[in-house]
Structure formats: structure tokens, C-alpha cells
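Note sheet for the following structure.
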Ligand SMILES: [Zn+2]
Ligand SMILES: [Zn+2]
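Residue numbers (the numbering used here): 3 to 147.
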């Protein structure tokens, strides 16, 4: 007997198999095309939820958590603040305008990595993509332990 459901399942499985690169390219193009839209959307969201976000940050347990982190990682928090401030003031380009500093990566950077959190090195940062940044920290942790 002809099983329509099974047939369709098999058909779409085969389609995915034979059109792998096409699907991938299509997805990529879609993400690219909707990047600006998404960005505008999250900006609008932040604009309209300013009060909620502010209230959230003011909540005692959230404040306490941030404070606790600050107390155990003061240099890191300060170094990050200095970089955020410099970016806001236009003294430092956004990480996203740079290419990942890791040799051979070539991806768009998303974060700034601090090789040192010490006061005199707070603006000596390396632009890195998310994956390389995470790896760098994992590597550092492994070295430290
Ligand atoms: Zn880092
Ligand atoms: Zn990278």
C-alpha cells in the first residue's frame, strides 16, 4: 500500500541530503537579510522596556549578584567597564568592526579580550569572535589550574 506520510518523509529527507549546500546558503542569506531587521527590533524592544530593564537591575538579588561578581573579580569588571566606556565615547571602535585577532580565524569579532586586567593594560584589548574568545578563556583556565 502507498503510504503518503512515509513517502513525504522520505522525500524531504532525500531533498535535504541532495540540497545540503543550497539549504545552508539559503539559511545564511536569510540571516544576513534579516540582520538589520533583528537589530532594529531589539533596539526598539530595549527602548520600550527601558523601565523594566532598569527595574530588573535594581532588584536586590540582581544587584547582589552583580556586586558579588564585582567583589570576586574587581579587576575584570573594571577593565570591562573601561572598554565599554571607551566604545561608547568613540575612543575605541566596536569589536564588531574588527576581525578576530586569532591567527587564521578571519571571522568578525564580537568581543574584546583582555590579555591583562591590570590598570595600565585596560585598553590593551584584542578583538575576538565568540568561539575564539571562549576557547581562549578555557585555555587560560586550564593553564591556571
Ligand atoms: Zn576575554
Ligand atoms: Zn575567531
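Glycine included, every Cβ here is placed at the ideal spot set by N, Cα and C.
For ligand 1, is there a heavy atom less than 7 Å away from the beta-carbon of residue i?
| i | result |
| --- | --- |
| residue 123 | no |
| residue 86 | no |
| residue 139 | yes |
| residue 36 | no |
| residue 116 | yes |
| residue 75 | no |
With distances taken from CA atoms, which of the options is nearest residue i?
| i | options | result |
| --- | --- | --- |
| residue 143 | 121, 117, 63, 129 | 117 |
| residue 101 | 90, 114, 91 | 114 |
| residue 80 | 56, 17, 123, 95 | 123 |
Using 7 Å as the cut-off, classify the Cβ of residue i as near or not near the heavy atoms of ligand 2, replying yes or no.
| i | result |
| --- | --- |
| residue 80 | no |
| residue 109 | yes |
| residue 104 | yes |
| residue 130 | yes |
| residue 97 | no |
Using DSSP with H/G/I as helix, E/B as strand and the rest coil, what is residue i?
| i | result |
| --- | --- |
| residue 115 | strand |
| residue 125 | coil |
| residue 93 | coil |
| residue 120 | coil |
| residue 14 | helix |
| residue 74 | helix |
| residue 28 | helix |
| residue 5 | coil |
| residue 135 | helix |
| residue 86 | helix |
Please name the residue or residues paired with residue i in a DSSP beta bridge.
| i | result |
| --- | --- |
| residue 101 | 110 |
| residue 130 | 113 |
Check: In chain order, which alpha helix (DSSP H) runs of at least 4 residues are fully inside the region 33-70?
Finding: 52-60
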